[in-house]
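The sequence shown runs 6 to 158 under this note's numbering.
Positions of the beta carbon are idealized from the N, C-alpha and C atoms, including for glycine.
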Amino acid sequence: MATMMIFIRLRAARKPASVKKIILPPLFMSTGAFMFLFEPFQVSWQQVLEAMSVGIVFSILLIKTSNFEVRDKLIYLKPSKAFGAILIGLLLLRIVLKLIVGQSVSFGETSGMFFLLALGMILSWRIAMLIKFRRLEEELKSSKSIKEFATQE
6 MATMMIFIRL RAARKPASVK KIILPPLFMS TGAFMFLFEP FQVSWQQVLE AMSVGIVFSI
66 LLIKTSNFEV RDKLIYLKPS KAFGAILIGL LLLRIVLKLI VGQSVSFGET SGMFFLLALG
126 MILSWRIAML IKFRRLEEEL KSSKSIKEFA TQE
């Protein structure tokens, strides 16, 4: 999965970014929350907060390495050389944590907690990407309107 994500990210850098491309992945992932309808996967609110908090902390590296650039008046995701290493490192860390937590927490609860960890990581990362994208989009619009104003005079 991590290898696939690296290739998807590299391909995404070739096409202009959009709000839709930023928002859709966490929305698609959120359907996995249906697992919590079944008792083996239900977790306490404390576990929800712990898992989401760890996910948010893990997302910091992804947020730092996800930047945009403007090419031909379009916004593109800037490829990061560190992204692959960060993604693999986070995967290994999650596997180790899952092995440790899995010794004292049931399989269902562990699955639920690590789903929430991944959701917290992706959600916070994508929100940060959306904020960066919107800022750059506003800069483009304002510079475009300044140029249009200057050419009118």
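Exercise. Under the three-state reduction of DSSP, which class applies to P21: helix, strand or coil?
Worked result: Mapped onto the sequence shown, residue 21 falls at position 16. Here P21 carries a strand assignment [DSSP, helix/strand/coil].
Problem set entry | the segment 134-150 contacting the segment 57-76, beta-carbon criterion three pairs below 8 Å | Contact holds between the segment 134-150 and the segment 57-76, because three or more Cβ pairs, one in each stretch, are under 8 Å apart.
Exercise. Quick one: any contact between the segment 46-59 and the segment 106-115, if contact means 3 or more CB pairs under 8 Å?
Worked result: Result yes; three or more Cβ-Cβ pairs closer than 8 Å.
Problem set entry | Buried/exposed call for M9, threshold 16 Cβ in 10 Å | Position 4 of the sequence shown, counted from the first residue, corresponds to residue 9. M9 comes out exposed.
Problem set entry | Ordered list of beta strand (DSSP E) runs contained in the segment 60-85, each at least 3 residues | Those beta strand (DSSP E) runs which fall completely within the segment 60-85 and span 3+ residues are 72-76 and 79-83.
Problem set entry | I127 to L121 span [Cα, whole Å] | Here residue 127 is taken as the residue at index 122 of the sequence shown, counted from 1. Here residue 121 is taken as the residue at index 116 of the sequence shown, counted from 1. When rounded, the distance between both Cα atoms is 10 Å.
For this session: Reducing DSSP to helix, strand and coil, say where S49 ends up.
Result: Taking the first residue of the sequence shown as 1, we reach residue 49 at position 44. Under the three-state reduction of DSSP, S49 is assigned to coil, being neither helix nor strand.
Exercise. Is DSSP giving S109 helix, strand or coil here?
Worked result: Along the sequence shown, read from residue 1 onward, the residue named residue 109 stands at position 104. Residue state, collapsed to three classes: coil.
For this session: Identify, in the order they occur along the chain, each residue of the same chain with its Cβ nearer than 8 Å to the Cβ of A90, setting aside the five sequence neighbours on each side.
Result: Within the sequence shown, the letter at position 85 stands for residue 90. None.
For this session: Go ahead and label V59 buried or exposed: buried means 16 or more other beta carbons lie within 10 angstroms of its beta carbon, across all protein chains shown.
Result: What you label residue 59 is simply residue 54 of the sequence shown in a count that begins at 1. Buried, by the Cβ-count rule.
For this session: Please name the residue in K25, R16 and K20 whose C-alpha comes closest to that of M134.
Result: Here residue 134 is taken as the residue at index 129 of the sequence shown, counted from 1. Out of K25, R16 and K20, K25 has the C-alpha closest to the C-alpha of M134.
Problem set entry | Distance between beta carbons of S129 and S64, contact taken as under 8 Å | For this step, residue 64 is matched to residue 59 along the sequence shown. For this step, residue 129 is matched to residue 124 along the sequence shown. The beta-carbon separation of S64 and S129, rounded to 4 Å, stays under the 8 Å limit for a contact.
Exercise. By the 10 Å Cβ neighbour count, where 16 or more other Cβ atoms means buried, how is I27 classified, buried or exposed?
Worked result: Position 22 of the sequence shown, counted from the start, is the residue given in the question as residue 27. It counts as buried.
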